[in-house]
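Residue numbers (the numbering used here): 1 to 463.
As structure tokens, then:
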């Protein structure tokens with residue numbers, strides 16, 4: 001009986017071993033199907049089309065001796081760029097492209113009496129505008145439409161210069177004739193300050209309430225100004241007519257906080273929330289952090305991504321950056337790409353707000369992003385919404401007075417007789433501190449030797 005029991009037990013163990021071996025080799029179905037949580041990005045605004053990522057810094061129309069200019073955010077700018085982009089998309093045949101050497105006889109750019117120029121700063125990849133062949137990849141700094149003997153030609157200028165015939169079209173000319181245009185002049189280089197007028201110009205820049213020894217200081221400054229030669233670096237255009245402006249109220253953008261935090265962390269349960277003493281909220285999962293200040297400024301950092309070696313192309317960085325901007329707060333009207341450049345670990349992108357052709361400049365405004373193949377390693381953002389005018393409209397002081405005022409304020413920085421003027425333009429200035437409820441019109445004057453100087457548009461006091 002015992003032997004029979006042992007035999008049955010042995011048979012049972014063998015069968016059990018076979019069953020377990022089968023399950024080990026071929027597995028068994030799960031007792032219950034699990035569900036993996038699905039997380040989706042929620043964009044604040046739809047991502048931009050490639051043709052919208054980089055837009056011209058300025059559009060210039062040369063008609064014989066007359067110069068007309070359209071800046072970002074200005075009336076007529078968007079329709080003129082849209083019309084030019086449409087012609088490029090519909091009519092440009094890159095197979096007919098002819099490569100030119102700059103300054104050659106075939107290069108008719110300098111002699112063309114009528115032309116429309118789209119200047120890009122930062123450059124725009126050619127493939128963002130038209131479908132380009134593999135052998136014609138360029139980052140364009142300038143697109144020029146030139147009317148030559150009633151025919152329209154397009155010049156694409158980047159690392160090389162390319163000329164493409166368009167044919168007969170009246171679309172651009174019709175668009176130009178329908179727009180209100182402002183006349184400009186191109187500053188000559190070197191820029192010579194008229195010594196006979198310097199005294200009057202200088203005295204106009206003095207705020208007598210704050211000056212004691214005007215006579216002695218005036219003579220010293222006039223001597224300084226008379227001995228200087230100003231080189232204009234690049235093309236600087238100044239309106240022929242007075243520029244009228246007023247202070248404008250500003251309102252900080254309001255972003256939906258939960259959606260914003262979810263854009264950076266997806267799963268909110270994985271982000272720890274910390275309330276800091278200064279009123280800021282800090283969210284972190286140990287690898288990345290998002291700080292939202294009480295002022296409305298947000299700052300995101302992912303240090304691990306900063307150490308990545310980047311081989312990302314310029315065009316990819318622009319596309320990924322624009323998509324991330326849509327995700328991390330979205331696009332306000334009047335927002336344009338301001339700067340784009342390669343840095344250690346990726347690309348640095350800056351966006352800025354424009355109103356009526358004036359950029360809003362200051363310490364904390366716009367957005368800044370560092371991006372590479374791994375993602376966004378740094379993001380900083382605070383945008384403002386333009387409101388109503390809150391002061392009397394007044395004309396900008398003449399540009400000569402702005403240059404003189406900036407030279408006097410920074411005269412200790414100029415060591416030699418030659419001075420390089422990099423930029424001169426009207427802007428809106430955002431003051432620092434608590435006075436962020438208004439934008440002040442200002443002259444922005446940039447010298448290579450000093451950096452930028454902001455001057456009140458009516459008093460020329462430094463801001």
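Cβ atoms here follow ideal geometry from the backbone N, Cα and C, with glycine treated the same way.
Quiz prompt | residue 379 beta carbon less than 8 Å from that of residue 328 | solution = Here residue 328 corresponds to residue number 328 of the chain shown, with the count starting at 1. Here residue 379 corresponds to residue number 379 of the chain shown, with the count starting at 1. The answer is yes: Cβ separation under 8 Å.
Quiz item: Taking the Cβ atom as the reference point for each residue, do residue 366 and residue 349 lie within a distance shorter than 8 Å?
Solution: In the chain shown, the residue the question calls residue 366 occupies position 366. In the chain shown, the residue the question calls residue 349 occupies position 349. Taking 8 Å as the Cβ cut-off, residue 366 and residue 349 do not qualify as a contacting pair.
Quiz item: How is the alpha helix (DSSP H) around residue 322 delimited, first residue to last?
Solution: Here residue 322 refers to the residue found at position 322 of the chain shown. That run of the alpha helix (DSSP H) goes 314-327.
Self-check item: Residue burial classification, residue 257 (beta-carbon count within 10 angstroms, cutoff 16)
Solution: Locating residue 257 in the chain shown gives position 257, where the first residue counts as 1. Residue 257 is exposed by the Cβ-count criterion.
Quiz item: Where does the unbroken alpha helix (DSSP H) through residue 46 begin, and where does it stop?
Solution: Indexing the chain shown from 1 puts residue 46 at position 46. Per DSSP, residue 46 belongs to no alpha helix (DSSP H) and is neither H nor E.
Quiz item: Can you tell me where the alpha helix (DSSP H) with residue 265 in it begins and where it stops?
Solution: Translated into positions along the chain shown, residue 265 becomes position 265. That run of the alpha helix (DSSP H) goes 257-265.
Quiz item: What residues match up with residue 442 in a beta bridge as DSSP calls it?
Solution: Counting from one through the chain shown, the residue named residue 442 turns up at place 442. Note: residue 442 sits in a beta bridge opposite 427, 456.
Quiz item: Is it right to say residue 73 is buried, meaning 16 or more other beta carbons lie within 10 angstroms of its own, or is it exposed?
Solution: The residue given as residue 73 occupies position 73 in the chain shown. Counting Cβ neighbours within 10 Å, residue 73 comes out buried, since at least 16 surround it.
Quiz item: residue 446 and residue 422: beta carbons closer than 8 Å?
Solution: What you label residue 446 is simply residue 446 of the chain shown in a count that begins at 1. What you label residue 422 is simply residue 422 of the chain shown in a count that begins at 1. Cβ atoms of residue 446 and residue 422: closer than 8 Å.
Self-check item: Residues near residue 394 in its chain [Cβ-Cβ closer than 8 Å; skip 5 each side]
Solution: Against the chain shown, residue 394 aligns to sequence position 394. Cβ within range, chain order: 244, 245, 246, 457, 458.
Quiz item: Considering residue 303, what are the terminal residues of the alpha helix (DSSP H) in which it resides?
Solution: Looking up residue 303 in the chain shown gives position 303. Taken as a continuous stretch (DSSP letters only), the alpha helix (DSSP H) holding residue 303 covers 303-306.
Quiz item: Would you call the CB atoms of residue 362 and residue 431 closer than 8 Å?
Solution: For the purposes of this step, residue 362 is taken as residue 362 along the chain shown, with counting starting at 1. For the purposes of this step, residue 431 is taken as residue 431 along the chain shown, with counting starting at 1. Cβ atoms of residue 362 and residue 431: closer than 8 Å.
Quiz item: What are the start and end residues of the alpha helix (DSSP H) that includes residue 399?
Solution: Position 399 of the chain shown, counted from the first residue, corresponds to residue 399. Segment 399-409, the alpha helix (DSSP H) holding residue 399.
Quiz prompt | residue 383 versus residue 276: straight-line alpha-carbon distance, rounded | solution = Counting from 1 along the chain shown, the entry for residue 383 is found at position 383. Counting from 1 along the chain shown, the entry for residue 276 is found at position 276. Rounded to the nearest angstrom, the two C-alpha atoms are 23 Å apart.
Exercise. Between the Cα of residue 184 and those of 409, 425, 415, 448, spot the shortest distance and give me the residue it belongs to.
Key: In the chain shown, counting from the first residue as 1, residue 184 sits at position 184. Closest option to residue 184, Cα to Cα, is 425.
Quiz item: Could you give the C-beta distance for residue 152 and residue 138, rounded to a whole number, given that I count them as a contact under 8 Å?
Solution: Within the chain shown, numbered from 1, the residue matching residue 152 stands at position 152. Within the chain shown, numbered from 1, the residue matching residue 138 stands at position 138. Not really, about 20 Å apart at Cβ, beyond 8 Å.
Practice problem: Just the C-alpha distance for residue 255 and residue 372, rounded to the nearest angstrom, thanks. | Solution: Numbered from its first residue, the chain shown carries residue 255 at position 255. Numbered from its first residue, the chain shown carries residue 372 at position 372. C-alpha separation (whole angstroms): 25 Å.
Quiz item: Buried or exposed: where does residue 495 fall if 16 or more other Cβ atoms within 10 Å of its Cβ makes it buried?
Solution: This structure cannot settle anything about residue 495, because the visible part of the chain is limited to 1 through 463.
Quiz item: Any idea which residues DSSP pairs residue 282 with across the strands?
Solution: Position 282 of the chain shown, counted from the first residue, corresponds to residue 282. Answer is 274, 291, bridged to residue 282.
Quiz prompt | 6 Å Cβ shell around residue 377 - same chain, five flanking residues per side excluded | solution = By 1-based counting over the chain shown, the position of residue 377 is 377. Contacts found: 302, 305, 306, 370.
Quiz item: From residue 270 to residue 346, what does the alpha carbon distance come to, in whole angstroms?
Solution: Translated into positions along the chain shown, residue 270 becomes position 270. Translated into positions along the chain shown, residue 346 becomes position 346. Using only the alpha carbons, I get a separation of about 27 Å.
Self-check item: Status (buried if at least 16 other CB within 10 Å, exposed otherwise) for residue 31
Solution: By one-based count along the chain shown, residue 31 stands at place 31. Low per-residue confidence applies at residue 31: pLDDT is 42, beneath 50, and the placement is therefore not dependable, though the value from the model is reported in the following sentence. Result: exposed.
Quiz item: Within 10 angstroms of its Cβ, does residue 168 collect 16 or more other Cβ (buried), or is it exposed?
Solution: Against the chain shown, residue 168 aligns to sequence position 168. With fewer than 16 other Cβ atoms within 10 Å, it is exposed.
Quiz item: Among the residues of its own chain, which have a CB less than 8 Å from the CB of residue 36, if the five just before and after it don't count?
Solution: The residue labelled residue 36 in the question sits at position 36 within the chain shown. Reliability of the predicted coordinates at residue 36 is poor, the pLDDT of 46 falling under 50, and the value obtained from them is presented with this limitation in mind. Nothing meets the Cβ criterion.
Quiz item: Going straight from the alpha carbon of residue 455 to that of residue 237, what length do you get?
Solution: Working through the chain shown from its first residue, we reach residue 455 at position 455. Working through the chain shown from its first residue, we reach residue 237 at position 237. The straight-line gap from Cα to Cα measures roughly 18 Å.
Practice problem: Report yes or no: do the region 60-69 and the region 114-124 share at least 3 C-beta pairs separated by less than 8 Å? | Solution: yes
Quiz item: Do residue 261 and residue 290 have their C-beta atoms closer together than 8 Å?
Solution: Position 261 of the chain shown, counted from the start, is the residue given in the question as residue 261. Position 290 of the chain shown, counted from the start, is the residue given in the question as residue 290. Yes, they are a contact pair.
Quiz item: By Cβ distance below 7 Å, which residues in the same chain neighbour residue 158 in space, the five residues on each side in sequence not counted?
Solution: Indexing the chain shown from 1 puts residue 158 at position 158. 123, 138, 139, 140, 141.
Quiz item: With distances taken from CA atoms, which of 325, 102, 312 is nearest residue 344?
Solution: Within the chain shown, residue 344 is the residue found at index 344, counting from 1. Here the closest residue by C-alpha is 312.
Practice problem: For chain B, find out if any of its Cβ atoms is closer than 8 Å to the Cβ of residue 97; answer yes or no. | Solution: Judged by its chain identifiers, the structure shown contains no chain B, having just a single protein chain.
Quiz item: Taking C-alpha atoms, which residue in 435, 437, 368, 444 lies nearest to residue 401?
Solution: Working through the chain shown from its first residue, we reach residue 401 at position 401. Of the listed residues, the one whose Cα sits closest to residue 401 is 444.
Quiz prompt | C-alpha distance - residue 463 paired with residue 416, whole-angstrom precision | solution = Position 463 of the chain shown holds residue 463. Position 416 of the chain shown holds residue 416. Straight-line Cα distance between these residues: approximately 26 Å.
Quiz prompt | Nearest-angstrom beta carbon gap, residue 225 and residue 186 [assumed within contact, 8 Å] | solution = The residue you call residue 186 lines up with position 186 of the chain shown. The residue you call residue 225 lines up with position 225 of the chain shown. Contact flag wrong, Cβ pair sits at about 22 Å.
Self-check item: Contiguous beta strand (DSSP E) assignments of at least 3 residues, all confined to the region 41-126
Solution: 58-63, 66-71, 98-100, 114-125
Self-check item: Residues of its chain near residue 263, where Cβ-Cβ distance is below 6 Å and the 5 sequence neighbours each way are ignored
Solution: Counted from its first residue, the chain shown places residue 263 at position 263. Cβ within range, chain order: 327, 328.
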